[in-house]
Amino acid sequence: MRKILLFSFFLILGLVGSQTLPPILGQEHFPLFKDITTTLLYVCLAFIMINVGREFEVEKTRWRSYVSDYFIAMATAALPWLLVAVYYVLVLLPASYYGDWDAWKESLLLSRFAAPTSAGILFTMLAAIGLRASWMYRKIQVLAIFDDLDTILLMIPLQIMMVGFDPQVLVILGVVTILLGFGWRQLARYDMRQEWWAILLYAVAVIFLTWLVNRLFHIHIEVLLPAFVLGMVMRHKHIETRTEHAVSTGISFLFMLLVGLSMPFFIGGGMDAYAAHSPVEHGAPSILGAQPMMSWGMIVLHVVAVSLLSNIGKLVPLFFYRDRRFEERLALSIGMFTRGEVGAGIIFIALGYRIGGPALIISVLTLVLNLILTGGFVVWVKRLAKKVYGDGAEGQHPQVV
Numbered sequence: 215m216r217k218i219l220l221f222s223f224f225l226i227l228g229l230v231g232s233q234t235l236p237p238i239l240g241q242e243h244f245p246l247f248k249d250i251t252t253t254l255l256y257v258c259l260a261f262i263m264i265n266v267g268r269e270f271e272v273e274k275t276r277w278r279s280y281v282s283d284y285f286i287a288m289a290t291a292a293l294p295w296l297l298v299a300v301y302y303v304l305v306l307l308p309a310s311y312y313g314d315w316d317a318w319k320e321s322l323l324l325s326r327f328a329a330p331t332s333a334g335i336l337f338t339m340l341a342a343i344g345l346r347a348s349w350m351y352r353k354i355q356v357l358a359i360f361d362d363l364d365t366i367l368l369m370i371p372l373q374i375m376m377v378g379f380d381p382q383v384l385v386i387l388g389v390v391t392i393l394l395g396f397g398w399r400q401l402a403r404y405d406m407r408q409e410w411w412a413i414l415l416y417a418v419a420v421i422f423l424t425w426l427v428n429r430l431f432h433i434h435i436e437v438l439l440p441a442f443v444l445g446m447v448m449r450h451k452h453i454e455t456r457t458e459h460a461v462s463t464g465i466s467f468l469f470m471l472l473v474g475l476s477m478p479f480f481i482g483g484g485m486d487a488y489a490a491h492s493p494v495e496h497g498a499p500s501i502l503g504a505q506p507m508m509s510w511g512m513i514v515l516h517v518v519a520v521s522l523l524s525n526i527g528k529l530v531p532l533f534f535y536r537d538r539r540f541e542e543r544l545a546l547s548i549g550m551f552t553r554g555e556v557g558a559g560i561i562f563i564a565l566g567y568r569i570g571g572p573a574l575i576i577s578v579l580t581l582v583l584n585l586i587l588t589g590g591f592v593v594w595v596k597r598l599a600k601k602v603y604g605d606g607a608e609g610q611h612p613q614v615v
C-alpha cells in the first residue's frame, strides 16, 4: 500500500513542479530542463517496458489456448478506452464537435490511458497476499500482459491517425510486423544479463536506436514496442534481491515524477500558456488542448465520472470463464482496475500531439485516483479469493457454478 501511495505522491509532486518551474526557470533555462527530463522519462519508460516484456511468459506450443484470453484482454482494454473517448467528446466538447473526426481521434488517443492494467503493481500485490498459486493469479497474469500488449499495438494506428497517411506508414507497419514476428519466434530464447544495470543499458540502447532510425530514415517509432519485444526475447531470470527491488521501484517512482513534470503549463492560460513554455512538436494546439479550463469542482466531478466509466469497462472478464465461480470472475475483473506506468506513458505520448486542456488534467487525476484506490481494490480481491479458496487452499479448483 505504501508503494501505491508513493506512486501517487510522485505523480502529484511532478504536477506541482510542471506548474511552478516554467515561470521560475524562464525562457532561458526551461528548454534545457525540458530536454533533460524528457530524455530521462524515455529511459524510464523503456526500462519499464522491457520488464513488462520479460513478464510475457507463455507456452508457444499451447498458443491456441491463449487466443480466447487475448480477445478477452483486448475487450477489457477496449471497453474502458471507448467509454472514456465517448465521454470526452460528448461531455467535454461543444456539440459542434460531435461529428468532427479530429476531435474524435484526439479523444481516442488520450483516452487510451484508461486501457492498460498495471501488471507490475498487480502481480506484486497479489503475490504478497498469498495468491501466487491460484487460478486467479495465473489468469490475471495472462490477461494483464495481453492487455498491455494490445495497448502498445493499438497505439500505432492511433498515432498514424494523428499524423495522417503517408507512404512511410507502410514502412512503419513493416517494421512493426518484423518486430512482432521476431519477438514471437525468439520468445524467451536469449540468455542475457538481467540485473537492473543491464536493463538500464538496454533501455538507453533502445532509445538511441529509435532516435537513429528517426534521424536516418525519418521513421518515427515510439520506444514502447521495441522495448517490449526486447524483454520478450530474454529468457526471464527472477532476480529477487533487495537492490533489484529498490532500483526497479525507484525508477518507477522517478518515471511518475517525470510524467507529472511533463504536463503542460496550464495555470492562467490553458494551452496558450503551455505554448509559451514548450516547443511545438506537431503544429497548432489540438481541439482538446484549445478548450478553456474549467473550475476545479467540475474537474473533480469529471475525474469521478471517468474513473467509474474506466473501471466499469474493466468488468469484461466477469462475463467469461463461466466454469468458474462468480466471485472468482469478479475478483479477476477488479484486479484489472489497477493502473500505473503504461497508462502514464500513453498520457505522455499524447502530450507530443499538443493534446491538453481539461481532458489532460482529468486523465492525469483519474490515474492518480486509481493509484490511490489500488490498495482497496487488492483488499477486495483478497476477500473474494478467501471466500472462494478459503485459508490455505488457494490452488484448488473451486466448485463450478
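Numbering-wise, the numbering used here puts 497 at position 283 of the sequence shown, and it's gapless, one number per residue.
For each residue, glycine too, the CB sits at the ideal point set by N, CA and C.
- According to DSSP, which residues form a beta bridge with Tyr404? Looking at the DSSP assignment, Tyr404 forms a beta bridge with Met448.
- Task: Inspect the beta-carbon positions of Thr580 and Val530 and report whether they are closer than 8 Å.
- Result: Cβ distance not < 8 Å, so Thr580 and Val530 don't count as in contact.
- Task: Could you check which residue in Tyr302, Gly589 and Ser282 has the C-alpha nearest to that of Gly570?
- Result: It is Tyr302.
- Do the CB positions of Gln408 and Ile465 come within less than 8 Å of each other? The answer is no: Cβ separation not under 8 Å.
- Item | Nearest-angstrom Cα separation, counted from Ala441 out to Ile264 | The C-alpha of Ile264 lies about 5 Å from the C-alpha of Ala441.
- Arg543, DSSP secondary structure in three states: When DSSP states are grouped into helix, strand and coil, Arg543 belongs to the helix group.
- Query: Given that a residue counts as buried once 16 or more other Cβ atoms are within 10 Å of its Cβ, and exposed if not, what is Ile413?
  - Reply: Counting other Cβ atoms within 10 Å of its Cβ, Ile413 reaches 16 or more and is therefore classed as buried.
- Task: Verify whether the separation of the beta carbon atoms of Ile563 and Met350 is less than 8 Å.
- Result: No, these two residues do not count as a Cβ contact at 8 Å.
- Task: Return the CA-CA distance between Pro330 and Ala289, expressed in angstroms with no decimal places.
- Result: Approximately 11 Å, taken between the alpha carbons.
- Query: What are the uninterrupted segments assigned as beta strand (DSSP E) that are 3 or more residues long and contained completely in the stretch 507 to 587, given in chain order?
  - Reply: Correct list: empty.
- Task: Please state if the CB of Met406 and the CB of Lys319 are separated by a distance shorter than 8 Å.
- Result: No; because the gap between Cβ atoms is not below 8 Å, this pair is not in contact.
- Message: Taking the alpha helix (DSSP H) that Met470 belongs to, which residues open and close that run?
- Response: Counting along the chain, the alpha helix (DSSP H) containing Met470 begins and ends at Arg456 to Leu475.
- Item | Start and end residues, alpha helix (DSSP H) containing Ser321 | Where Ser321 is concerned, the enclosing alpha helix (DSSP H) stretches over Trp315 to Leu324.
- Item | Rounded separation between Val390 and Pro371 - CA only | About 11 Å.
- Task: Rounded to whole angstroms, what's the CA-CA distance from Ile359 to Glu242? Just pull it up for me.
- Result: For the pair Ile359 and Glu242, the Cα-to-Cα distance works out to about 43 Å.
- Arg543, buried or exposed, once every other Cβ within 10 Å from all chains shown has been counted against 16: Under this definition Arg543 is a buried residue.
- Task: Over the uninterrupted alpha helix (DSSP H) stretch that includes Ala417, give me the two end residues.
- Result: For Ala417, the uninterrupted alpha helix (DSSP H) segment begins and ends at Trp410 to Phe431.
- Can you tell me whether DSSP reads Ile453 as helix, strand or coil? DSSP, reduced to helix, strand and coil, places Ile453 outside both helices and strands of the structure shown, so it counts as coil.
- At a cut of 8 Å, does the stretch 230 to 244 reach the stretch 414 to 424 through at least three beta carbon pairs? No, the stretch 230 to 244 does not touch the stretch 414 to 424.
- Message: Can you determine whether any heavy atom of the ligand FAD sits closer than 7 Å to the C-beta of Tyr535, and answer yes or no?
- Response: Here there are no bound small molecules, and the ligand FAD is not part of this structure.
- Taking the C-alpha atoms as reference points, what is the distance between Phe551 and Leu324? Using only the alpha carbons, I get a separation of about 18 Å.
- Message: Since Phe261 and Gly557 should fall inside the 8 Å C-beta cutoff, what is the C-beta to C-beta distance between them, to a whole number of angstroms?
- Response: With a contact defined as Cβ atoms closer than 8 Å, Phe261 and Gly557 miss out at about 16 Å.
- Task: Return the residue from the list Val266, Gln233, Ile392 and Ile354 that minimises the CA-CA distance to Leu546.
- Result: Nearest of Val266, Gln233, Ile392 and Ile354 to Leu546, Cα basis: Ile354.
- Would a C-beta distance cut-off of 8 Å place Gly231 and Gly474 closer than the cut-off? Going by C-beta atoms, Gly231 is nearer than 8 Å to Gly474.
- Per-residue DSSP class, three states only, for Tyr256: When DSSP states are grouped into helix, strand and coil, Tyr256 belongs to the helix group.
- Task: Can you give me the Cβ contacts of Ile561 inside the same chain, cut-off strictly under 8 Å, excluding the 5 residues immediately before and after it?
- Result: Hits under 8 Å: Leu324, Phe327, Val473, Leu574, Ser577, Val578 and Leu581.
- Item | Distance between Leu444 and Lys528 (C-alpha atoms, nearest Å) | Roughly 28 Å separates the two Cα atoms.
- Message: Less than 8 Å between C-beta atoms, sequence neighbours within five positions excluded: which residues of the same chain meet that for Leu225?
- Response: Excluding sequence neighbours, Leu225 sits near Met470, Leu471, Val473, Gly474, Ala558, Val578, Leu581, Val582 and Leu585.
- Message: So the candidates are Phe540, Leu587 and Arg568; which of them puts its Cα closest to the Cα of Ala599?
- Response: Nearest option by C-alpha distance: Phe540.
- Mind checking Ala291: buried by the 16 CB within 10 Å criterion, or exposed? By the neighbour-count rule (16 or more Cβ atoms within 10 Å), Ala291 is buried.
- Item | Same chain only: Cβ atoms within 7 Å of Val602, ignoring 5 sequence neighbours per side | Around Val602: Arg539, Glu541, Glu542 and Pro612.
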